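Notes follow the structure.
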Amino acid sequence: KETFVGNQVLRIFVANEADVEKVKELEELQELQLDFWRGPGGQDVPTDVRVPFASLQAVKIFLESSGIRYSILIDDLQTLVDEEQTQMIRQHFMPQ
Amino acid sequence: SVETFNYASYHTLDEIYNFMDLLVAANPNLVSKIQIGNSYEGRPLYVLKFSTRGTKRPAIWIDTGIHSREWVTQASGVWFAKKIVDSYGKDPSLTSILDNLDIFLEIVTNPDGFAFTHTKNRMWRKTRSINSGSACIGVDPNRNWDAGFGGSGASSNPCSETYRGPYANSEREVKAIVDFVKSHGNIKTFISIHSYSQLLLYPYGYTKTRAPDYQELNNIAKAAVAALSSLYDTQYRYGSIITTIYQASGGTIDWTYNQGIKYSFTFELRDRGRYGFLLPANQIIPTAEETWLALMAIMEYTRDHPY
Chain P
55 KETFVGNQVL RIFVANEADV EKVKELEELQ ELQLDFWRGP GGQDVPTDVR VPFASLQAVK
115 IFLESSGIRY SILIDDLQTL VDEEQTQMIR QHFMPQ
Chain W
23 SVETFNYASY HTLDEIYNFM DLLVAANPNL VSKIQIGNSY EGRPLYVLKF STRGTKRPAI
83 WIDTGIHSRE WVTQASGVWF AKKIVDSYGK DPSLTSILDN LDIFLEIVTN PDGFAFTHTK
143 NRMWRKTRSI NSGSACIGVD PNRNWDAGFG GSGASSNPCS ETYRGPYANS EREVKAIVDF
203 VKSHGNIKTF ISIHSYSQLL LYPYGYTKTR APDYQELNNI AKAAVAALSS LYDTQYRYGS
263 IITTIYQASG GTIDWTYNQG IKYSFTFELR DRGRYGFLLP ANQIIPTAEE TWLALMAIME
323 YTRDHPY
């Protein structure tokens, strides 16, 4: 079973077309094993990307050095997956 | 039973398939289950048909879960199915829709991927087909349709999450719908449901060219979003795929629109900016409830504006 320990989901805000192109460059870097949940699109819709722990530093440095703003949407993905799993199990054993 | 089924929880594929059987058994004069094909791994592809007459009539198609990790969509599909049977004969508007049109609902459009999200990889998006010459599995079924196939906004790399596949309709899950839509020949509205960007979109995604029915589709989307937002004030944006979110070629509703299904829409259901695909289960019912209002707006328009 694949785990997502230490994976973060970053929300990237692009300010212009040059930023969009930069994020598209990031998408092309297969070795980072990024999973784009949304985008990269235009300036109106932020891009969300799941970043494996091993690629976190590289991605953040890339964004910061390019002057692209981002925030952490999900701090530890596995924690949320575990919560979801716990909730499903609990629901199955509770009377409706 | 369909009455004790927990609609506020996420369920496995087996549980959803069992739910379908329960729904059909409890409402044999309204609901039937049709198998439109098999998935790559051999799972049946089921569609629920809601119909009040035996003859083939104009129809509305709704599908959920083509991207397997978007669990709130399959969960909403289950809720919609129950809502339809509960509303028929009680809600005058839904009753009149079903008196004039059939509704087809495919709750788990990508069952292989959905099963995989429950067992191996919660974040799986694609189908599970093997790609010749690559170690990477699966095709993005929302890039595999014959509409601008192979263009910008889809990847030719099998390891990409937006891999388009080797050719249009290469995925059985896509081909099954294509065959069904073509053989039916009288589908008037096609709504494909995704999550989580809070959008209601219409064609096109592969080209900046405006759809010929752009203005009408925009008006319908505006009304549908207003209905949706009236319940919990969830803020939706609407517009064509390419202008509202990003360029995407080989998408579902671009194909259906080019096929002559004028009322072609795709939803991105709620998230509210915190959870992505891991929307907590306590938000399933609010999500389904508000989406239902938008679906009703589109279905009512279909009923009132035949073509």
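From first to last, the protein sequence lines are chains P and W.
Here the first sequence stands for residues 55 to 150, numbered as in my numbering.
Here the second sequence stands for residues 23 to 329, numbered as in my numbering.
Note that beta-carbon positions come from the ideal geometry of N, C-alpha and C, so glycine has one too.
Note that the structure is a prediction, hence the values are computed from the model and not measured.
- In chain order, 98, 101 place their CB closer than 6 Å to the CB of residue 310 of chain W, counting only its own chain and leaving out the 5 sequence neighbours on each side.
- Sequence-distant partners of residue 278 of chain W (beyond 5 residues in either direction) whose C-beta falls short of 6 Å from its own C-beta, in its chain, are 212, 286.
- With distances taken between CA atoms, residue 36 of chain W lies nearest to W:136 out of W:136, W:257, W:193.
- Scanning its chain for C-beta atoms nearer than 7 Å, with the 5 sequence neighbours on each side dropped, one finds around residue 146 of chain W the residues 90, 91, 135, 138, 139, in chain order.
- Interface with chain W (8 Å Cβ-Cβ cutoff): residue 130 of chain P is excluded.
- Closer than 7 Å at the C-beta level to chain P, one finds these residues of the segment 29-51 of chain W: 31, 32.
- Taking a contact as a CB-CB distance under 8 Å, the pair residue 66 of chain W and residue 57 of chain W counts as one, their CB atoms being some 5 Å apart.
- When C-beta atoms of the segment 297-315 of chain W are compared with those of the segment 23-33 of chain W, three or more pairs fall below 8 Å, so the two segments count as touching.
- Within chain W, the residues whose beta carbon sits less than 7 Å from that of residue 104 of chain P are 145, listed in sequence order.
- Beta-bridge partners of residue 66 of chain W (DSSP): W:60.
- For the segment 303-316 of chain W, the set of positions with a beta-carbon nearer than 7 Å to some beta-carbon of chain P reads 303 in chain order.
- For residue 48 of chain W, the closest C-alpha among the options W:69, W:34, W:25, W:232 is that of W:25.
- With contact defined as three or more Cβ pairs closer than 8 Å, the segment 292-304 of chain W and the segment 316-323 of chain W are not in contact.
- Shown here, residue 127 of chain W sits in a strand according to DSSP, grouped into three states.
- Across the set W:54, W:94, W:61, W:95, the C-alpha of W:54 shows the shortest separation from the C-alpha of residue 75 of chain W.
- Collapsing the DSSP output to three states places residue 64 of chain P in a strand.
- Looking only at W:73, W:200, W:268, the smallest Cα-Cα distance to residue 224 of chain W is reached by W:268.
- Interface annotation for the segment 110-142 of chain W against chain P: 141, 142, criterion Cβ-Cβ distance under 8 Å.
- The DSSP assignment places 194-206 as complete runs of the alpha helix (DSSP H) inside the segment 180-246 of chain W, in order along the chain (cut-off: 4 residues).
- Residue 88 of chain W sits close to residue 163 of chain W, with the two beta carbons spaced by under 8 Å.
- The criterion of a C-beta distance shorter than 8 Å is satisfied by residue 171 of chain W and residue 272 of chain W.
- Taking C-beta separations shorter than 6 Å and ignoring five residues to either side along the sequence, the partners of residue 73 of chain P in its chain run 122, following chain order.
- When 7 Å is used as the limit between beta carbons, residue 75 of chain P is near no residue of chain W, the shortest such separation being about 13 Å.
- The segment 142-156 of chain W and the segment 200-220 of chain W do not touch, with fewer than 3 CB-CB distances between them shorter than 8 Å.
- Approximately 7 Å separates the beta-carbon atoms of residue 175 of chain W and residue 228 of chain W; this is inside 8 Å, confirming the contact.
- In the displayed model, residue 32 of chain W falls within coil according to three-state DSSP, outside both helix and strand.
- At a C-beta separation below 8 Å, residue 223 of chain W has no neighbours in chain P, since its nearest C-beta there lies roughly 11 Å away.
- By the Cβ-count criterion, residue 137 of chain P is exposed, with fewer than 16 other Cβ atoms from all chains shown falling within 10 Å of its own Cβ.
- Under the DSSP assignment, residue 117 of chain W falls in the alpha helix (DSSP H) whose first and last residues are 114-122.
- In terms of CA proximity to residue 165 of chain W, W:190 leads the group W:190, W:150, W:155.
- Nearest CB-CB separation between residue 136 of chain P and chain W: not below the 8 Å threshold.
- Residue state for residue 103 of chain P is assigned as strand, using DSSP reduced to three classes.
- With a beta-carbon spacing of about 6 Å, residue 52 of chain W and residue 110 of chain W fall inside the 8 Å limit used to define contacts.
- The C-beta separation of residue 82 of chain W from residue 274 of chain W comes to about 15 Å, leaving the pair out of contact by the 8 Å criterion.
- A straight-line Cα-Cα distance of about 6 Å links residue 103 of chain P and residue 89 of chain P.
- Under the DSSP definition of a beta bridge, residue 83 of chain W partners with W:126, W:212.
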